[in-house]
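Using the UniProt record's numbering, the first residue of the sequence shown is number 1, and each one after it goes up by one. Glycine is no exception: its CB is placed at the ideal position from the N, C-alpha and C atoms. Quick caveat: nothing in here was measured; it's all calculated off a predicted structure.
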Amino acid sequence: MPAPPPPALCGCCPRAAQKPATSHNADRPPAALALLQDEGRHWVHARGLPVDEERGRLQLSPLECATMLHCVNPKALVFGGTLDGGLLREALAETLALYPLLAGRLRRAPGLSALGARSACAHYVSLCNAGALFIEATVAGVSGPGAKEEADGGCAGGLLTLAHLASPGSMARFGFSPLRRAALPAHMEPLDPSAALLGREPLLKVRLTHLRGGGCVLALSLHHAVLDGHSAAMFVNALAASYARLAPAPAPGSMAWGVPTAAVPPAPQPPQPPQPSQPPHWRTPTFGRSALFPADWRLRLAAAPAEAGVEMEGAVKPAAADAVNGSKHFLGGGKAAVVGAFACGDGGGGGSSVAELVPLQVPPPPGWWAALGHVAALVRSAAAEQRRWPGSGWGGDGLTCEVLHLPAECLAQLRVSAAGGRHDISPNDAASSLVWVLMCALRGRPLPGAAAAAAAPGSDKAGGGGGGCLAMALDLRRNLLGHTLPHSYCGMASWCIHVQAQKQQQQQGEYQQPAPAAANISRLVHSGSSAALNLLQATAPSPFLAALRSGASSIRGTLRALRRLPGGGEELLGLVARQITAPASSQAALLARLCVAQDAMVTSWQFPYWQADFGPQVGLPLRYHCLVHPSPPWMAAVMAARPDEGGGLHLLLSVPTSAAAALRQSPVLRELAPGHAFDS
């Protein structure tokens, strides 16, 4: 069968439109438009690959299509030195040859219905090398309304300085404008993920902004359906290595890290190994997606070439084969292959061990009457929350971001408190449990481990609005799929699990007093003995401490149980397939139930951006910013803090603006993390 014709050029390709694509700048605040003066807009293509010629296809998996089809994955790195725009474009072209999917375009197989998520997996990345958009800009003066904002320290030129962007507090306003909209900051290029699904937007936009007074910001806007945070960090490190190799040697006394190089003592160099070591994983990315498809879907896809004449291996021509390495890219072609692969009813069996560990993610039985009941519960929960915190909602409307710093000593003490004598509780477990308790207290929901929270997660009859679980984003390279998905995999390999709170009697039996001792203390308390009161405070945890320990125990127990499942990864993929192929009524009920049950969401952004070395003239980043766009409320992103800032962790907390003051004054933080500090 002859190869399919190349796809029609989209509106963002260089030969399709002479006019630059500027329609998406409408989401940027008006004052910000006057801040930056664009010095040039360029389309950068993968070096050595034909332009606008499809050389292969990367089929998106159910995991990649389930949640992030309409999300952007923006990153920004702040440098004390200056990046050269011309060299950066050369480095970008070189790096795109290693990561050709970012120079491609999202497409849909023809002839499929666009209704619901059932056909979501019809999307694929066309490796057509249409290019990434590169913009170079300089911060200019501000006039008109922006001048007042700048004088007041608002989201204008006053915040586009190295001193501000390199400070931890700069992360607080990242993605939130004074207009309370989920618009990207002025130094980031907007990317419309919905337009990208139609092939009208690139999958990568890069903006280099030169700051007034020195320094620069390198910002990348990526489509979240094709890259998660781990993959984005791989790309940034590969880009840094290419730029450092192309950059000329620095002159004596030049600037790096914002200080003269002569003032920086040379770091001790380790002895060179006799043989070159293995290249880092970001220099050898892999794109094989077979491990992200359930077993029955893999069988259908494997049979598709025989039915439709589509090759799965060797279909990428030699010019792109060096860049797209790894086996089985699931190169689809034509309606028959895609429909035959994805038209399965449930995507896997039910009653699996994963389904028992995360029962809230199992799609409910179909039926609109029951689904409307779940939607009604969501409406009641949202109304109660609006009464408690006016302006709360999704998408950045009425949201603010507070940067909570847990220094190393504070984090260590928090871990000891959360462990309660156990040795398997990690600092991340403790920080995640702290977020859980903190958000429950703010929202007026039952604390983790309370009987009301553990009885029926998702019920809006307890606590005035639901609750009972914590959503946690997991990297499946290290969890469940580590034996089949390599660390060098580049794509979307993250999934959110929902940790269900257990009763404190089940999780914290080791913290309870023996019955005779507790009875004796109770009698002494009623008699008014001060010694008994002191003994009771020393032996019985407070409600916040008990909830912290219960949450940490639930988190650790769920992670341990998932990791010990022999076929846990395969079962999870089957569960995801069931979700996106379930009837529309089941999908509506599932989403509403999860929104009611979810107390908070925690995601870890502890990626190796600090080691992205762009050469001695630029150095390592002083600060890096991450964001999920649009941003959900009651979410916490965990980021590593720099050692010279006290180490530990930064928690980026997204809450309604009306709840910001209560967050800063929360008794949960005063009791459980007394050494904390807000950097925003």
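DSSP on residue i, reduced to helix/strand/coil?
i, result
"A240", "helix"
"S586", "helix"
"I425", "coil"
"Q611", "helix"
"C410", "helix"
"T558", "helix"
"E90", "helix"
"V354", "helix"
"Q617", "coil"
"H281", "helix"
"T484", "coil"
"E53", "coil"
"R593", "helix"
"H187", "coil"
"S61", "coil"
"A117", "A caution first: A117 carries a pLDDT of 38, below 50, which makes its placement in the model unreliable, though a value can still be read off. Three-state result, A117: coil."
"V362", "coil"
"V379", "helix"
"D599", "strand"
"R415", "helix"
"Q502", "coil"
"L222", "strand"
"residue 764", "Given that the chain is displayed from residue 1 to residue 680, the structure contains no residue 764 and the question cannot be resolved."
"S604", "strand"
"C13", "Low confidence applies to C13: its pLDDT is 44, below 50, so where it sits in the model is not reliable enough to give any reading."
"R245", "helix"
"R212", "strand"
"F678", "strand"
So what does residue i bridge to, in DSSP terms?
i, result
"C71", "For C71, which the question treats as bridged, DSSP gives no partner whatsoever."
"I135", "R41, R207"
"W495", "L474"
"H123", "R108"
"C440", "None, per the DSSP bridge assignment."
"T400", "V655"
"V78", "V217, R623"
"T286", "Y489"
"H405", "H650, A677"
In chain order, what residues of the same chain have a beta carbon less than 8 Å from the beta carbon of residue i, not counting five sequence neighbours either side?
i, result
"R664", "E402, F678"
"residue 684", "Given a span of 1 to 680 for the chain in the structure shown, any question on residue 684 remains unanswerable."
"R298", "S290"
"E671", "S542, F544, L545"
Might you give, ordered along the chain, the residues of its own chain that have their beta carbon closer than 7 Å to the beta carbon of residue i, omitting 5 neighbours on each side?
i, result
"Q275", "With a pLDDT of 46 at Q275, under the threshold of 50, the predicted position of this residue should be treated as unreliable, and no value is reported."
"P543", "L447"
"H42", "R89, F134"
"L246", "L87, E90, A91"
"M439", "D599, A600, W634"
"E201", "C12, L191, D192, A195"
In chain order, what residues of the same chain have a beta carbon less than 6 Å from the beta carbon of residue i, not counting five sequence neighbours either side?
i, result
"L573", "P294"
"H223", "P193, A196, L203"
"Q579", "P363"
"W282", "M234, N237, A238"
"H210", "T138, C216"
"L669", "H676"
"residue 682", "Look at the range of the chain in this structure, 1 to 680, and you will see that residue 682 is not part of it."
"S61", "R289, L292, F293"
"E64", "A225, M492"
"V206", "F134, L220"
"Q606", "A640"
"L77", "L218, P621, Y624"
"V358", "I497, H498"
When you measure from the CB of residue i to every non-hydrogen atom of the ligand MG, does any distance come out below 7 Å?
i, result
"C410", "Ligands displayed in this structure: none; no statement on the ligand MG is therefore possible."
| said: List, from N- to C-terminal side, the alpha helix (DSSP H) runs of 4 residues or more that fit wholly inside the region 630-676. | reply: Qualifying alpha helix (DSSP H) stretches, in chain order: 660-664, 667-672.
| said: Three Cβ pairs or more, each shorter than 8 Å: is that satisfied between the region 411-420 and the region 429-437? | reply: As far as the Cβ criterion goes, the region 411-420 touches the region 429-437, which means the pair count is three or higher.
| query | Are three or more beta carbon pairs between the region 201-218 and the region 63-71 nearer than 8 Å? | reply | Three or more Cβ pairs closer than 8 Å define a contact, and the region 201-218 falls short of that threshold against the region 63-71.
| query | Are the region 353-363 and the region 552-572 touching, with three or more C-beta to C-beta distances below 8 Å? | reply | Taking a cut-off of 8 Å for Cβ pairs, the region 353-363 and the region 552-572 touch, as three or more such pairs fall below it.
| request: Mind the definition here: the region 377-384 touches the region 647-657 only if three or more C-beta pairs lie below 8 Å; say whether that holds. | output: The count of Cβ pairs closer than 8 Å, one atom from the region 377-384 and one from the region 647-657, stays below three, leaving the stretches out of contact.
| said: With three or more beta-carbon pairs closer than 8 Å as the criterion, would you say the region 368-375 touches the region 615-632? | reply: Under the three-pair Cβ rule at 8 Å, the region 368-375 does not count as touching the region 615-632.
| Okay, do the region 596-615 and the region 466-475 touch, 3+ Cβ pairs below 8 Å being the bar? | Judged by pairs of C-beta atoms under 8 Å, the region 596-615 touches the region 466-475, as three or more such pairs exist.
| query | Is the region 46-63 touching the region 82-99 in the sense that three or more CB pairs, one from each, lie closer than 8 Å? | reply | Touching, yes, given that three or more Cβ pairs across the two stretches are closer than 8 Å.
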